[in-house]
Amino acid sequence: MGVHHSEFEKMFEVLKGDIPIPLKVAVKRWEHIKDTGEEVIQNWLEVLKEKATSYMDEGYSVGTAMMEAWGSSYEGISDDSEKCYFNISELRKSFFEGALDGLESYEKYLIAKAGRYLCKECG
């Protein structure tokens with residue numbers, strides 16, 4: 023079976039409405055739910071990065087843009103986590119730690135672009 027002992031509690035919590043089902047079937051369902059959960063996390067990361075860059079395009083700093091993107095998406099994220107098991111705090115950590123470097127680079131790009139524009143305006 024493909025479920026580590028540390029995941030049994032999570033598996034049973036998620037599948038408790040489906041019980042009684044054979045353990046083999048529960049494991050198969052859990053593996054699918056986990057796989058889908060990872061896909062949902064990746065999709066949300068992309069959405070959050072896109073929203074953050076949109077806020078940055080409007081003039082927000084990287085940190086504020088990330089907070090706005092998270093705040094404006096939280097309700098949908100919570101709804102998704104009810105439909106498909108995934109850990110919201112894992113998504114939050116991945117976004118605020120993992121996406122930060124890329125968004126800071128984008129912020130530097132925007133600052134440089136604004137600087138070039140201002141230099142052209144000054145003559």
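Numbering (our numbering), first residue to last: 23 to 145. No residue lacks a Cβ here, since even glycine has one placed at the ideal position from N, Cα and C. Quantities reported herein were computed from a predicted structural model and do not represent experimental measurements.
Helix, strand or coil, according to DSSP, for residue i in the structure here?
i	result
Ala74	helix
Tyr96	helix
Phe108	coil
Met23	Bear in mind that a pLDDT of 44 at Met23, under 50, signals an unreliable position, so the number given afterwards is only what the model happens to contain. It is coil, neither helix nor strand.
Tyr131	helix
Ser83	coil
Ala136	helix
Would you mind stating whether residue i and residue j have Cβ atoms separated by less than 9 Å?
i	j	result
Ala121	Ala74	yes
Once you ignore the five residues that flank residue i on each side, which residues in its own chain have a CB closer than 7 Å to its CB?
i	result
Leu132	Met78
Which same chain residues, not among the five before or five after residue i, have their C-beta less than 6 Å away from its C-beta?
i	result
Lys71	Ala121
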